[in-house]
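One structure is given below, encoded as structure tokens.
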Amino acid sequence: MKLLFFIVVLVAFGTLQAAKKQKQAAKVIYVEKVPPKTPSEYDLCKQECRIQRDAQSTKDRVEQIRQELAEAEALLAEHNKNVDAPEIPEERRAQQEHEVVPTLRKASRYEYLKRAASKIVESGSELRHAVTGEDDVI
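Counting from 1, one number per residue, gives the positions in the sequence shown under the UniProt record's numbering.
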């Protein structure tokens, strides 16, 4: 029994040591240093062409968007001119340009109180008429 136990322990210990050796061997990785590849003239030319093509396509796209914006603004202005604003005849437009609009003076405190009092009297007489049914005009 002891012998069997001793053999099982030895086998387990042996497999444990083998697993440790595999882990240690897997950790070490050697990397060769490779010098960077120098681009050829063809690659440099391709890069330069790509940069120029991208810049040109960006310019074209910006110009196209500007044209679309100008067209949209023109359509919007035409729409607003035709739809929102009513047509005013030329005679009326010329007359409006020459009309002088009188400036309104600010009402005095007396006039303000006078109008307020008359409104109170009117509302009082309307209330009295609604309650009693009499036409009592003050």
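Every residue, glycine too, gets a C-beta built ideally from N, C-alpha and C. Computed from a prediction, not measured in an experiment: that's the story for all the values here.
Which same chain residues end up closer than 8 Å to residue i when comparing Cβ atoms and leaving out the 5 residues on each side of it in sequence?
i	result
Gln-47	Pro-39
Straight-line CA distance for residue i to residue j?
i	j	result
Cys-45	Gln-52	11 Å
Arg-109	Gln-67	59 Å
Glu-99	Lys-59	52 Å
Gly-14	Met-1	20 Å
Glu-90	Ser-125	50 Å
Leu-3	Val-9	10 Å
Glu-41	Gln-64	34 Å
Ala-74	Gln-56	27 Å
Phe-5	Ala-12	11 Å
Considering only residues of the same chain and omitting the five flanking positions on each side of residue i, which have a CB-CB separation below 6 Å?
i	result
Tyr-30	none
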